[in-house]
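S.K.: For my numbering, count along the sequence shown from 1 and bump the result up by 22.
Questions regarding the structure given below will be posed in turn.
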Amino acid sequence: SSGINAEYGRFTCPVVLRVFIAAGEEMMCKCDWRVTPQLTDSEFDKFIGEQDGQLVVVSVYSSGFPQATPCDTMIEELYYGINYSRSQPCVQAVQDKYRLLRYDISSNSLLKNRHNAVPGMFFIYSRARLVFADLVFNGYGNAKKDFLKQMYKCSKLAEEEKFLPPDFKFKGMRSWSEADDSVRQILTLQFGQTSGWIAPKLTPLTRKEDIEKIRCY
């Protein structure tokens with residue numbers, strides 16, 4: 023029925039959910055398969071919480087400083103390739119291994135307040151829980167091959183129930199030598215980091231207490 027279809031659309035399309043939250047109006051997904059959908063603060067947690075069985079990739083950018091997000095072109099190309107010619111890309115994307123979404127930090131504050139996010143960061147969720155947060159993929163770069171390797175790693179981490187804590191927050195840059203062995207172990211697991219400055223040059227993972235928090239989630 024149209025009622026069931028509209029309700030399903032709310033769970034799969036951030037625009038549909040945003041309109042429903044703001045005005046209580048039902049609508050169908052009308053997203054363009056050539057343009058990556060936007061997430062905003064109003065529907066962020068609800069939308070992330072409704073996605074099950076696939077990774078949700080949130081690319082943080084600033085419309086005021088587009089030069090701060092060099093991965094934009096790569097993300098748009100990936101989205102374009104995955105959703106080519108789909109009439110309702112959000113609804114049809116539920117069977118994909120991952121969803122791609124964008125988040126404009128210049129007009130939204132949730133990720134900045136919650137995680138100290140900055141333009142260029144990526145947040146990857148599985149079943150509403152944070153699997154990954156970083157400025158680079160696979161511990162090294164932000165090319166397509168690094169992104170795809172990171173998707174594979176995140177799938178494995180999600181299967182093993184290894185998540186970052188919900189209050190995960192980025193702090194100042196730390197050197198590898200400042201981290202103890204248990205911290206280095208989790209950094210290697212999460213980010214592929216083995217030396218130098220701790221990826222992504224912003225991280226709270228410098229104490230054993232942080233590692234214990236991760237193991238609890």
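The beta-carbon is built from N, C-alpha and C at its ideal position, and this holds for glycine as well.
Every value quoted in this text rests on a predicted model; they were computed, and no experiment measured them.
Determine the contact status of V38 and F145, defining contact as a CB-CB distance below 9 Å.
M.R.: Against a cut-off of 9 Å, the Cβ pair of F145 and V38 comes out as no contact.
S.K.: Can Y106 and W55 be called in contact, C-beta distance under 9 Å?
M.R.: A contact, by the Cβ cut-off of 9 Å.
S.K.: What are the boundary residues of the beta strand (DSSP E) that F154 is part of?
M.R.: Run containing F154: 151-156, per the beta strand (DSSP E) assignment.
S.K.: For R196, name the three-state secondary structure that DSSP assigns.
M.R.: Bear in mind that the predicted position of R196 carries a pLDDT of just 49, short of 50, making it unreliable; the figure below should be weighed with that in mind. The answer is coil: DSSP assigns R196 none of H, G, I, E or B.
S.K.: Give a yes or no on whether the C-beta atoms belonging to F154 and L100 are separated by under 9 Å.
M.R.: No.
S.K.: Could I get the ranges of all uninterrupted beta strand (DSSP E) runs contained in the stretch 105-190, with 3 residues as the minimum, in chain order?
M.R.: Correct list: 120-126, 144-148, 151-156.
S.K.: Kindly indicate the opening and closing residues of the alpha helix (DSSP H) around V41.
M.R.: That run of the alpha helix (DSSP H) goes 36-45.
S.K.: Does the Cβ of F87 have 16 or more other Cβ atoms within 10 Å, making it buried, or fewer, making it exposed?
M.R.: So F87 ends up on the exposed side.
S.K.: Measure the CB-CB distance between F185 and R151 and report whether it falls below 9 Å.
M.R.: Going by C-beta atoms, F185 is nearer than 9 Å to R151.
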